[in-house]
Amino acid sequence: MTASSQAKPTSTRLPRPARRRQLLGAARDVFVAQGYHAAAMDEIADRAGVSKPVLYQHFPGKLELYLALLDESAEELVKCVSDALSSTTDNKERVPATFKAFYDFVAGAGEAFRLVFESDLSNEPAVRAKLDRAMRDCSNMVSQFIREDAGVSDDEARLLGIALVGMAQVSARYWLSTDRAIEKDQAEQMIARLAWRGISDWPKTV
């Protein structure tokens, strides 16, 4: 067998955005399954069906690839929460809508939520900053409605906002870890009811 016959087939040439999307998809599979430290660029390239030089043309290293993927997952979560909060003007409905956003995110295909909530690289400053920003963006959106409607101070609204977001993400992750022992809709409604009974003690300002 000649050397040329052993060479890896050249992948189909794709436009740069499409190639980037393909590489991120392959990287997500590998990082979610193995974590950052165990993941190898060789395996990501193989999963994407490209050579390592092609992978490095788009991402100069494993950390840069991970950060790009983390950005994508964090933006997805923030958008889900933003859409939930803007889906109604009724605060009683905003609470379950927001919890649903978190449950939808953790139940999504590919388990991308693990990159945001269970990263094994959270001690890396660049990663920590992105993780913190995602949670801060979510809690700030929630606290804005609390501040406007409940008549509390900025500091109080921020504390209540991060508490609700923390309840949503921790309960959603726990629910998933039980192999969905409770139906998703039921779990969302249970936790949302618990949260609403607490937050509704602060009356809407007139």
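Per this note's numbering, the very first residue in the sequence shown carries number 14; after that it's consecutive.
Positions of the beta carbon are idealized from the N, C-alpha and C atoms, including for glycine.
Each of A200, G174, L98 and L173 was checked against the Cα of R186, and the nearest Cα belongs to A200. Rounded to whole angstroms, the gap between the alpha carbons of Q70 and C93 is 31 Å. Shown here, F118 sits in a helix according to DSSP, grouped into three states. For the pair L90 and M154, the CB atoms are not nearer than the 8 Å cut-off. Judged by DSSP in its simplified three-state form, G123 adopts helix. Judged by DSSP secondary structure, R29 falls within the alpha helix (DSSP H) whose first and last residues are R29 to A51. DSSP, read as helix, strand or coil, puts S99 in coil. Look at E131 here: in three-state DSSP terms it is coil, with no helix or strand label.
Take F158, set aside five residues on each side of it, and the residues of its chain with a beta-carbon closer than 8 Å to its own are L98, N104 and R107, in chain order. For the options F72, E137, E169 and M148, the alpha carbon positioned closest to that of V183 is the one of M148.
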